[in-house]
Structures are given as structure tokens and as C-alpha cells.
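Quick note: the sequence shown uses our numbering, first residue 7, plus one each step. Have a look at the structure below, then the notes.
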Amino acid sequence: MTSTPASNMPLAALWMAGAIVSFSAMAVAGRNVSVELDTFELMTYRSIISLVLVLVIGGFAGTLGEISTRNFGLHVIRNLSHFTGQNLWFAAITMIPLAQVVALEFTSPIWVALLAPFFLAERLTPLRILVALLGFCGILIVARPDLSNIEIGSVLAAGSAIGFAGSAIATKILTRHQSITCILFWLALMQACFGLVMAGWDGLITWPSVQVMPWVVLVSFAGLGAHFCLTTALAHAPAVIVMPMDFARLPLVAMLGIVLFGESIDLWVFIGAAIIFGANYLNIAAEARRNKALT
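Right, dumping it as C-alpha cells:
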């Protein structure tokens with residue numbers, strides 16, 4: 007935890023603050039877009055705008071030549087997983103409080119730890135099993151499922167975390183051989199195609215109104231901005247320091263839900279989220295110790 011120069015900590019915190027604000031803005035914008043567009047239509051427009059941004063930024067940076075069809079099948083798997091997770095996430099924020107969605111989203115790193123041994127040739131250690139069990143306990147506390155009346159929004163939010171975990175595992179493999187520009191290009195292009203197919207299967211795709219279009223644009227910019235800020239923060243400080251900062255997103259989103267949408271704060275959501283956070287931190291800290299031992 008002390009291997010990174012202290013002078014980088016404020017910079018990492020600044021970039022992480024940008025990621026938190028961006029993720030929170032995407033949640034608010036997604037809720038406002040839902041009054042007109044379904045999740046597939048939102049993903050279509052978001053991906054088209056993101057594709058334009060990637061091409062423009064890549065053109066200025068001179069990195070468009072890095073785009074290739076290498077590992078094309080893995081790109082398809084990654085983007086199907088992310089597309090599924092993101093659609094479930096956008097659907098969940100229209101059904102349950104934003105804080106509850108974010109709390110369940112925090113289980114994504116736990117799913118990565120649990121699934122990594124099957125896809126990344128990593129060992130399923132006792133600690134990872136403990137992390138998974140703690141995460142599951144956190145899910146039960148956040149969702150508090152009633153078997154006689156299951157809350158669909160909680161199920162969708164939990165499912166989105168699994169989709170994001172699959173995307174993260176595929177991304178980890180892709181980054182060994184391909185650049186960020188290449189990964190983001192296929193992300194935007196493929197998900198635009200997936201969105202068009204799913205949104206247009208009934209022959210009807212809604213065009214966003216003048217009132218909703220700014221929210222659609224905000225979703226696109228916030229999504230790309232959040233991942234850029236998060237990646238940059240990780241370049242300035244270890245994950246064991248950076249990732250716990252993301253926990254600040256929960257109270258921020260909770261306050262936005264109260265102010266903008268009249269949601270109420272549920273103490274159990276914070277208790278469950280704290281358990282999920284603790285499980286994540288245990289895993290990240292163990293990973294940091296393993297990496298330090300290897301260097």
C-alpha cells in the first residue's frame with residue numbers, strides 16, 4: 007500500500023472523484039431517459055455517440071491504426087456480457103432506489119474473483135470463497151428478498167453485476183494484446199449493432215425528443231468519462247487504495263435519489279453495502295500482497 011509515491015495520491019483521488027461524479031451522473035441521466043426510451047434504444051444512441059467520440063479522440067491521438075480484428079471472438083463475448091449487464095443496470099434504476107442499485111453493483115468485483123479461476127487460470131483460494139460468501143450475505147441484506155414477492159429490480163441489479171464481471175474478465179485478457187482505443191472501438195460499434203437489433207425487432211425505434219436528447223448525450227459522455235477517470239486513477243495509485251474510494255458513490259447517489267426523485271434512505275442498504283465493500287477490500291488487499299511478493 008505504500009509502494010506508490012505519496013505525491014500521486016491526491017492526483018489519484020482527483021481522478022477517482024471524476025469517476026464517481028461521472029457514474030452518478032449516468033445513473034441520474036439514465037433515470038430521466040427512461041420516460042421516453044427503453045434500455046435497448048438508450049444503449050443504441052449511447053453507443054453511436056460513443057463511437058463518434060472514440061473515432062474523433064483516436065484520430066487526434068493518432069491511435070486509430072491500433073484497431074484490428076485480432077481476438078474478434080473475445081470482443082464479441084466481452085461486449086455481449088457488457089451489453090447485457092448495462093441493459094439490466096439501466097432497467098434496475100427505473101425500478102428500485104439508485105442507492106440499492108449501486109450497492110448491488112458493488113458485487114461485480116466479487117464475481118470477478120469467483121469466476122477468474124475458470125477463465126484466467128487463477129486459483130480458487132479459501133479467501134476468494136470467503137469473499138464470495140460475504141458478498142452473498144451483503145446481497146441478501148441489501149435486497150432482503152421476499153420469496154412470496156420477489157423484487158424484480160433487485161434481481162436485475164444483481165444480474166448486471168455478473169454481466170459487468172464477465173466483461174471485466176474479458177477486458178483483462180484483451181488488454182494483454184490490444185490497446186484501449188481498439189477495445190473501446192469494438193465496444194461502441196458492437197453495442198450499437200446489438201442495440202439496433204434489440205430495439206428494432208418490433209420495427210419501431212423511438213427517436214429521443216429535444217427534452218431527452220441532452221440526457222442521452224450525458225449518458226454517453228459520463229460512461230466514457232467514468233471509465234477513463236477510473237483507469238487514470240489506477241495508473242497513479244494501487245487498486246487497494248483507489249477502489250475503496252468508489253464507495254463514496256453510494257452516499258452521493260443516495261442523496262441524488264432523495265433530492266431529485268424523492269427516494270428514501272434505507273439503512274439496511276448501507277449495512278449490506280458495507281459488508282460487500284469489506285469483502286471487496288479483502289480481495290483487493292490480498293491481490294496487492296500477492297503482486298508485491300512477485301516483484
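Note that the Cβ used here is the ideal one computed from N, Cα and C, for glycine as well.
In the structure shown, what three-state DSSP assignment does Leu-240 receive?
For the purposes of this step, residue 240 is taken as the residue at position 234 of the sequence shown. Helix.
Between the stretch 242-261 and the stretch 63-81, do three or more beta carbon pairs fall short of 8 Å?
no
If we ignore side chains and look at the alpha-carbon of each, how far apart do Asp-208 and Leu-202 end up?
For the purposes of this step, residue 208 is taken as residue 202 along the sequence shown, with counting starting at 1. For the purposes of this step, residue 202 is taken as residue 196 along the sequence shown, with counting starting at 1. When rounded, the distance between both Cα atoms is 11 Å.
In the DSSP assignment, find the alpha helix (DSSP H) that holds Phe-170 and state where it starts and stops.
Here residue 170 refers to the residue found at position 164 of the sequence shown. First-last of the alpha helix (DSSP H) with Phe-170: 158-180.
Hey, out of Met-219, Gly-172, Ala-279 and Phe-283, whose CA is closest to Arg-52's CA?
Residue 52 sits at position 46 when you count from the first residue of the sequence shown. Scanning Met-219, Gly-172, Ala-279 and Phe-283 for the CA closest to the CA of Arg-52 turns up Met-219.
Determine, using beta carbons only, whether Ala-174 and Ser-114 come nearer to each other than 9 Å.
Within the sequence shown, numbered from 1, the residue matching residue 174 stands at position 168. Within the sequence shown, numbered from 1, the residue matching residue 114 stands at position 108. Their beta carbons are under 9 Å apart, which means Ala-174 touches Ser-114 by this criterion.
Among Leu-195, Asn-85, Leu-162 and Gly-172, which has the Cα closest to the Cα of Pro-103?
For the purposes of this step, residue 103 is taken as residue 97 along the sequence shown, with counting starting at 1. Among Leu-195, Asn-85, Leu-162 and Gly-172, the Cα nearest to that of Pro-103 is on Leu-162.
On a Cα-Cα basis, can you pick out the residue from Val-265, Leu-266, Phe-200 and Ala-260 that is closest to Val-107?
Locating residue 107 in the sequence shown gives position 101, counting from the first residue. Residue Ala-260 is the option with its Cα nearest to Val-107.
Just checking my contact of Arg-134 with Asn-289 at CB under 8 Å: how many whole Å lie between their CB atoms?
Taking the sequence shown and counting its residues from 1, the one referred to as residue 134 is at position 128. Taking the sequence shown and counting its residues from 1, the one referred to as residue 289 is at position 283. Sure, about 7 Å apart at Cβ, within 8 Å.
Is the stretch 224-240 touching the stretch 51-70 in the sense that three or more CB pairs, one from each, lie closer than 8 Å?
yes
Buried or exposed, going by whether 16 or more other CB atoms sit within 10 Å of the CB of Ser-13?
On the sequence shown, position 7 is the one that residue 13 refers to. At Ser-13 the pLDDT is 42, less than 50, meaning the model places this residue with poor confidence; the figure from the coordinates comes in the next sentence. Exposed is the call here.
Can Gly-172 and Ser-87 be called in contact, C-beta distance under 9 Å?
Taking the sequence shown and counting its residues from 1, the one referred to as residue 172 is at position 166. Taking the sequence shown and counting its residues from 1, the one referred to as residue 87 is at position 81. Yes, these two residues count as a Cβ contact at 9 Å.
Three or more C-beta pairs closer than 8 Å, one from the stretch 268-281 and one from the stretch 137-149: is that the case here?
Touching, per the Cβ criterion.
Could you tell me the alpha carbon to alpha carbon distance between Thr-238 and Met-22, rounded to whole angstroms?
On the sequence shown, residue 238 is found 232 positions in, with the first residue counted as 1. On the sequence shown, residue 22 is found 16 positions in, with the first residue counted as 1. Straight-line Cα distance between these residues: approximately 8 Å.
CA-CA distance, Ala-31 and Gly-91?
For the purposes of this step, residue 31 is identified with residue 25 of the sequence shown, where counting begins at 1. For the purposes of this step, residue 91 is identified with residue 85 of the sequence shown, where counting begins at 1. A direct Cα-Cα distance of roughly 18 Å separates Ala-31 from Gly-91.
Tell me whether Glu-42 sits in a helix, a strand or coil according to DSSP, three-state version.
For this step, residue 42 is matched to residue 36 along the sequence shown. Of the three classes helix, strand and coil, the one that applies to Glu-42 here is coil, per DSSP.
Please state whether the Cβ-Cβ distance between His-81 and Leu-230 is less than 9 Å.
What you label residue 81 is simply residue 75 of the sequence shown in a count that begins at 1. What you label residue 230 is simply residue 224 of the sequence shown in a count that begins at 1. Cβ distance not < 9 Å, so His-81 and Leu-230 don't count as in contact.
Roughly how many angstroms lie between the CA atoms of Leu-185 and Thr-177, to the nearest whole one?
Residue 185 sits at position 179 when you count from the first residue of the sequence shown. Residue 177 sits at position 171 when you count from the first residue of the sequence shown. According to the sequence as given, residue 185 is Ser; it is not Leu. Straight-line Cα distance between these residues: approximately 11 Å.
Return the CA-CA distance between Trp-95 and Leu-110, expressed in angstroms with no decimal places.
What you label residue 95 is simply residue 89 of the sequence shown in a count that begins at 1. What you label residue 110 is simply residue 104 of the sequence shown in a count that begins at 1. Rounded to whole angstroms, Trp-95 to Leu-110 spans 10 Å at the Cα level.
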